[in-house]
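Here the structure comes first, spelled out in structure tokens, and everything after it is commentary.
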Amino acid sequence: MVDRLLMRGNEAIGEAAIHAGCRYYFGYPITPQSELIAYMAKRLLKIEGATFVQSESELAAINMVYGAAAAGGRVMTSSSSPGISLKQEGISYITCAELPCVIVNIMRGGPGLGSIQPAQGDYFQATKGGGHGDYHLIVLAPSTVQELADLTIKAFDLSDKYRNPAMILGDGLLGQMMEPVEFKEYDINSIPSKESWALGSSHGREARTIVPFNLDAGEMEKINNRLKQKYIDMQKEAECEVVNMDNPDIIVVAYGIVARIVKTAIQKAKKDGINIGLLRPITLYPFPSAVIRENVHKAKKILVTEMSMGQMVEDVELAACGKAEISFYGRTGGVVISPVEILEEVKKLLK
Amino acid sequence: MVDRLLMRGNEAIGEAAIHAGCRYYFGYPITPQSELIAYMAKRLLKIEGATFVQSESELAAINMVYGAAAAGGRVMTSSSSPGISLKQEGISYITCAELPCVIVNIMRGGPGLGSIQPAQGDYFQATKGGGHGDYHLIVLAPSTVQELADLTIKAFDLSDKYRNPAMILGDGLLGQMMEPVEFKEYDINSIPSKESWALGSSHGREARTIVPFNLDAGEMEKINNRLKQKYIDMQKEAECEVVNMDNPDIIVVAYGIVARIVKTAIQKAKKDGINIGLLRPITLYPFPSAVIRENVHKAKKILVTEMSMGQMVEDVELAACGKAEISFYGRTGGVVISPVEILEEVKKLLK
Amino acid sequence: MAKVIIDRERCKGCELCTLVCPHKIIVMSKLFNQKSYHPAEQIDPEKCTGCAFCAMTCPEVAIEVYK
Amino acid sequence: MAKVIIDRERCKGCELCTLVCPHKIIVMSKLFNQKSYHPAEQIDPEKCTGCAFCAMTCPEVAIEVYK
Amino acid sequence: MLDEIIIAGFGGQGILLIGRLIAQAGMLEGKQVSWMPSYGPEMRGGTANCTVIVSSEEVASPVVSNPSSLIAMNQPSLDKFESLVEKDGIIIVNKSLISRNVKRDDVEVVEVPANDIANELGNLRVANMVILGSYIAKSKSVKMENVFRALEEALYRQSEKMIKLNKEALERGAMFC
Amino acid sequence: MLDEIIIAGFGGQGILLIGRLIAQAGMLEGKQVSWMPSYGPEMRGGTANCTVIVSSEEVASPVVSNPSSLIAMNQPSLDKFESLVEKDGIIIVNKSLISRNVKRDDVEVVEVPANDIANELGNLRVANMVILGSYIAKSKSVKMENVFRALEEALYRQSEKMIKLNKEALERGAMFC
Amino acid sequence: MKKVFEKPKSLTDVPFTYCPGCHHGIIHRLVAEALDDLGIAKDTIGVAPVGCAVLAYLFFDCDIIVAAHGRAPATATGLKRVKPDNIVFTYQGDGDLASIGTAEIVHAANRSEKITVIFVNNAVYGMTGGQMAPTTLEGQITQTSPYGRDPKTMGMPIRVCELLSTLNSPGYIARVALTKPAYIVKAKKAIKKAFQFQIDGKGFSLVEVLSTCPTNWGLSPKESNEWLEQKMIPYYPLGEFKEVF
Amino acid sequence: MKKVFEKPKSLTDVPFTYCPGCHHGIIHRLVAEALDDLGIAKDTIGVAPVGCAVLAYLFFDCDIIVAAHGRAPATATGLKRVKPDNIVFTYQGDGDLASIGTAEIVHAANRSEKITVIFVNNAVYGMTGGQMAPTTLEGQITQTSPYGRDPKTMGMPIRVCELLSTLNSPGYIARVALTKPAYIVKAKKAIKKAFQFQIDGKGFSLVEVLSTCPTNWGLSPKESNEWLEQKMIPYYPLGEFKEVF
Ligand SMILES: Cc1ncc(C[n+]2csc(CCOP(=O)(O)OP(=O)(O)O)c2C)c(N)n1
Ligand SMILES: Cc1ncc(C[n+]2csc(CCOP(=O)(O)OP(=O)(O)O)c2C)c(N)n1
Ligand code: SF4
Ligand code: SF4
Ligand code: SF4
Ligand code: SF4
Ligand code: SF4
Ligand code: SF4
Ligand SMILES: [Mg+2]
Ligand SMILES: [Mg+2]
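Structural data, given as structure tokens:
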């Protein structure tokens, strides 16, 4: 039997990464994810051949990740909102070079230095591409500590599968809270070999290059097209939790920690005779548009709720194609939405 | 009479900025906008009291802009795609601190180092917020050299009006090409005074602070709400050029240089008896959703065309609310769309 | 003759002032202040020379010196 | 006895080799190569000592030296 | 069952540990648990609180608007959270630092002179265990033996003596219920 | 009227200036103009080209798929652009550097030994003006006097002598049409 | 009796939010006294960092802006270029200045921007809970060097004054400490001199202040002072490193 | 007759895309010769910069990655940490290394990452058409110092070797030039020594090569060599600055 451990979200990510064979970590401290970097230091510095580097900045960290990924390492970096902004150029490079890696963003209130409290204001940045050029990350949105662990492992696997960086989009609350977590057996031998493309010794083969550019526009377009095809292929990985969807009075769409708060609202609502359905995107990119589309007609009203001014709501609207009346409720700055607020909002809409 | 000058797009931006009273420029070279930084050096270094600094990086540049704006200076920076990615944290700070400034992005093919040829792949980054947190830039999309100049001036004015950074979103082709341009009289005295909030000497008043954060989530939310209200107020600035919209067979939506290419396609199409309408968003944020919404029903088919994999198309879909059949045609990597391609695409859709 | 006035609510009980006083006439109170620190207090003010070592050292700028 | 072979298509006519040859036996051709540079050529190969100064200096690695 | 507990006090009073032990004990009993701290820049003298949920079902929201129990280690904590406690809930008050009475009359109140008892035991730092003992005894949220086990795991780096002292404090607290 | 001209050759042959002078002259005549360069990393020996549009109407696309005229300063340029020229268009060929004949028979071709003439004039660098002169004479796109004015503006930092030489080159070129 | 020592006017009445014994408070006082003594508070703009001193705007009674982490010298450059008649200073931690902000400090110093930098070296990241800084000593245990800083993979502590003093640009650069009154007197002089340097238009000035972080060092304030004297000063010698104009 | 000088094996047959007379070509050859001589080409990973040498992957016959502008030392760190048995070198221009990449080079050197840096100082931004670099000389005219570099607002040229040599970490640091055969011989030695330093696991090594940019200097190759000797070498003295392990 696997043990259940009571762990902080941030530490669960770290342990999951190591569990999944991640041996290279480059990062820079920032609240509310500093426990993760500390955890990686504690663990990796004791593993022979593993690397932990506290880089001089987030910028350096992402470029170290770029090098480590190019060398075929299973590699991770993590930060929180402002630090993730600093990584945008590097992320764009890694995507263009088609290298696998995992980037963790434990979001806090923004913009600017913001607050250090939990928020979901970086959805656009994560899913649309905060960096320049046409690219997408794989974006996974856990909502429990167990899922932080599970999706971290999945992020590594998807990242390898598509040779595309994957992001764990969590928030300060998830990162800081403790819950029981289990680590199931993971077969490190199942990690795809990178021998066919990674840089290193070139004995017995031609020298290789990883060049995230082409000065010829036509050739550059080929790179773009290859990426585009990959994003299309990726759509099949879209995942969405569907809760309480037999005959809902209203459907709420929420991801991450907010979806859990909605679940409490669902319980509370039942007492008032209101049936709330929940759609919880687990993958934010690829976005589970099909599931949303199939379900929105089941209720007259849709409420999207986020700890932001309204970002995922656009993807929900795009998925719904004008076929549902969509409202939005959000809190910002690090204020965590309460179940009661959601319930009130629901009642307002049902009036 | 005002003179018409044959100028490069990049230089026209520079001259327009100086014309509008911009005396502070901080930037870092990058193709295809290097003529702009060179132009600013040539001009500002000869103006008493003006400042030109080639900063050590784009990151330093945007943070110098932050300081200069805080001191009440009319200030500009410019770059191209990868350099703009590096500015994301700084942009987020400036937005949070509600400081005015103008940021020019002369886009090139991406992601990564990409190509140095013209592209429009940074639409999401510019309009949704490439940095962290909930914020928006004012984003203007010129399509001629004259408009580069005019909208640069407008960018300064809007930026001051809303105390929000404004971005000129051009591309390598616009930046590099020459066209005649006129600079109309601009009354520097009309620039709003910054005395009431800018930092400096505090004789006779209380000391001031510019702090783009609040550790208290509730207080931070107030900042977010103030920003949100501003974005709502800003909607009235939305602008869209409407061309050939009596009875179109199809409507094309395009911005910037691509819209001009569409105009040639319109002329060519007339010869084939096809009537193409054009909607050209001039402000990309605020997006002219109302104009789009009012017009989309005028034709059965809508074609959005961009030099990207499809970014503005999402805003068009959101504006159209499922009320029109929307297709997309794009080229990437620095490949410039030709009028002929657009015409072919139109014909395909009309079949 | 000199004396010091210690703002007991500003004091965080770090004890640094007690270390630098050449006459060892600053000690920590047994009582708590509102932030639940034991504030410093001057004993034997007659011995105070007003050298201000304590004040210079105080990270909370909690000490005023009179001479 | 030594000699040099200059790859006239690689040569970009920078003239740097002509400056370092102790015997001044490299000169620029009046003719163009395909990239329309005037390539360098060796005259008087008998005087060549094979010192390889020219080759070491050539930014195009266009010179081979035989001895 | 569903217990939602807010534990609040000064930073440095061992607030987070109280919560952690409840959660850990709950987990040992096969229950669903979550532990959520307040967090902020590390500066001394601030207040700290955490929310613990122990439930027989999946824990949905880790954020609790109306806790079933409040453990108030100091006065500001009581002021802040008193009104939020559910009807028929429990409030455990650290009488050593809180002079005023609980105003609510629809909740059960236990007053524990936690600091004094800890002082008696010779170590002010175990005041948190005293109050935890009282809460466990009162609420029966988790079994005391599992709190002991949780304690042993949490303090594995500490001396036997220290662990014994903590257990003693728990037991002393348990007398107040 | 609508003239769409592609001017192409080696970097360093003064290609961009040819285009600029046509555009500037057009502007002086109150026409709508645009000038669009190819651009790339500054490395010698590459090819350069630019597209100029002179029109009586607003210039829509500055990008031209099928120019009405081509000025080919070297062989690769002719190879690259010949087939794109519109029917009945004009191709001006720098005969000094292009040995082959134009293959199209549905366009007007002017062959100018531009480098040779420039050499005769004592400065190889004015070959671009020779060929421009020919184009102006052939196409009448803009008036030669306006090209002269444009030239004076463009070369204002150069010596009288240099300007005179350029004008001479323009005139020599104009004889080929 | 006359008041011979009191809180400088350039400090507000807001109590510091720093931990007990933390030197940030002393440094604030010295900066404020310099502003008072030179009579420049009303013409001064401070640039606070991201670090424990992010809240400095609560304490200094002059105009203040909070810069992005590490970018204070760039922000100060922007301010000073627009307002050359104002006095601009940055107040930066060692993580801020010597790690993420390395490029900005090197280039501001090299351009000899007329700004004054107060550089607080406490050998650790205070604000975020005690991670390794570039200035963390060999063997020092932190959250991210849990087994001690190992020079083999983490490098040796960076000496900022020495590094910046190699630049061929005008500047005043000094290192001071605060563990005894005599040091504090010297520190005050250096800070005042640094501001005077700026007032005189001579260029860039920087004072590195060796500082304590009792909380993250896990030591009492007294022990922290001792550790600073015994461990830090030998590696980070006090003194003036540069005075060129 | 025997071939006594030929193109090194570690160079491909692709002709360089550099301008006539540009020293980048010579530097490429010297690096390739070092790889050949030490027999390490097949175990070497190169990190090309953003700058004129961005196309270096076409020329070197070893594994190559193109790093983001200025970040080559970070990318090299990632590579080397994953593949400690490979030889990793970066090839960086002065804009890349001494401007935007200042933090990365300082910290890679300070961590003493076991990488070799070939630093090409041509006193200008070549690739982007001749803007001012941190190494641009006083008074030098560039696109962004059109009236000459003015130390008052733009600072003095940065001497990278001197700056990095102050770091208290193992390293080999040298500056060489290529304007005469004797210099080239020395340059070759230094580059080889730098790689040997890495092979021996001794730490960080850097060779600064003073280089020409005839195109952006607006000089002929010959004049460029003269300018380098007369202007650059006096400010950037040649020699070995550090050899510590
Ligand atoms: C871009 C970015 N990265 C990281 C952080 C998190 N952060 C806040 S303060 C700090 C370091 C503080 O250390 P130091 O500069 O030494 O100041 P101290 O607190 O020790 O005075 C860090 C890493 C941030 N706010 N922004
Ligand atoms: C983030 C970013 N900023 C700017 C550029 C544009 N850029 C390309 S190369 C270069 C500088 C090249 O100069 P240097 O490093 O000195 O190399 P050189 O070309 O002189 O060899 C710049 C600024 C870029 N590609 N990316
Ligand atoms: S002023 Fe001097 S003598 Fe008086 S209490 Fe303070 S340190 Fe002691
Ligand atoms: S130094 Fe100040 S804060 Fe510390 S104990 Fe003395 S009075 Fe209190
Ligand atoms: S090998 Fe020496 S002597 Fe011979 S051509 Fe070259 S430089 Fe001259
Ligand atoms: S050095 Fe090389 S490229 Fe230059 S002229 Fe001689 S052979 Fe040609
Ligand atoms: S954490 Fe350290 S630096 Fe920050 S206030 Fe506390 S003692 Fe001072
Ligand atoms: S631009 Fe300068 S550095 Fe670049 S290849 Fe040409 S001469 Fe060399
Ligand atoms: Mg610090
Ligand atoms: Mg250079």
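Chains as they are written, first to last, in the numbering used here: chain A, 163 to 513; chain B, 163 to 513; chain C, 411 to 477; chain D, 411 to 477; chain E, 385 to 561; chain F, 385 to 561; chain G, 2 to 246; chain H, 2 to 246. No residue lacks a Cβ here, since even glycine has one placed at the ideal position from N, Cα and C. Predicted model, so just to flag it, every value in this text is computed and none were measured.
Just the C-alpha distance for residue i and residue j, rounded to the nearest angstrom, thanks.
i, j, result
"Y19/H", "E251/B", "36 Å"
"Y540/F", "A450/D", "37 Å"
"D95/G", "T213/B", "29 Å"
"Y324/A", "I315/A", "15 Å"
"A183/G", "A35/G", "17 Å"
"V514/F", "A521/F", "11 Å"
"I419/A", "Q279/A", "13 Å"
"G40/G", "A412/C", "28 Å"
To which residues of the same chain is residue i closer than 7 Å at the C-beta, ignoring the five residues directly before and after it?
i, result
"F442/D", "H448"
"C424/C", "P469"
"I385/A", "C258 and N376"
"A288/A", "N267, L299, V301, M329, L331 and L446"
Check the DSSP bridge columns for residue i and list the partner residues they point to.
i, result
"G172/G", "F205/G and V245/G"
"S146/H", "T143/H"
"W419/F", "M340/B and V436/F"
"K413/C", "Y476/C"
"I412/B", "I438/B and K463/B"
"T213/B", "Y186/B"
So, does the CB of residue i fall closer than 9 Å to a CB anywhere in chain H?
i, result
"E244/G", "no"
"R374/D", "Any property of residue 374/D remains undetermined from this structure, which presents chain D solely from 411 to 477."
Which first and last residues belong to the alpha helix (DSSP H) in which residue i is found?
i, result
"V436/E", "Segment T431 to S439 is the beta strand (DSSP E) holding V436/E; no alpha helix (DSSP H) there."
So with Cβ pairs under 9 Å, would you call residue i a contact of chain B?
i, result
"F490/A", "no"
I want to see whether chain A comes within less than 9 Å of residue i, judged by CB atoms only; does it?
i, result
"Y423/E", "yes"
Give me, in chain order, the residues of the same chain whose beta-carbon lies closer than 6 Å to that of residue i; leave out the 5 immediate sequence neighbours on both sides.
i, result
"G52/G", "G94, D97 and M128"
"V48/H", "I66, A68, A73, T76, A77 and T91"
"I436/D", "C427, T428, A450, Q452 and C464"
Quick check on the DSSP output: the beta strand (DSSP E) that includes residue i runs from which residue to which?
i, result
"K4/G", "K4 to F6"
"D333/A", "A328 to D333"
"N457/B", "Element bounds for N457/B: not the beta strand (DSSP E) but the alpha helix (DSSP H), S451 to V458."
Indicate whether at least one CB of chain G lies closer than 9 Å to the CB of residue i.
i, result
"E260/B", "no"
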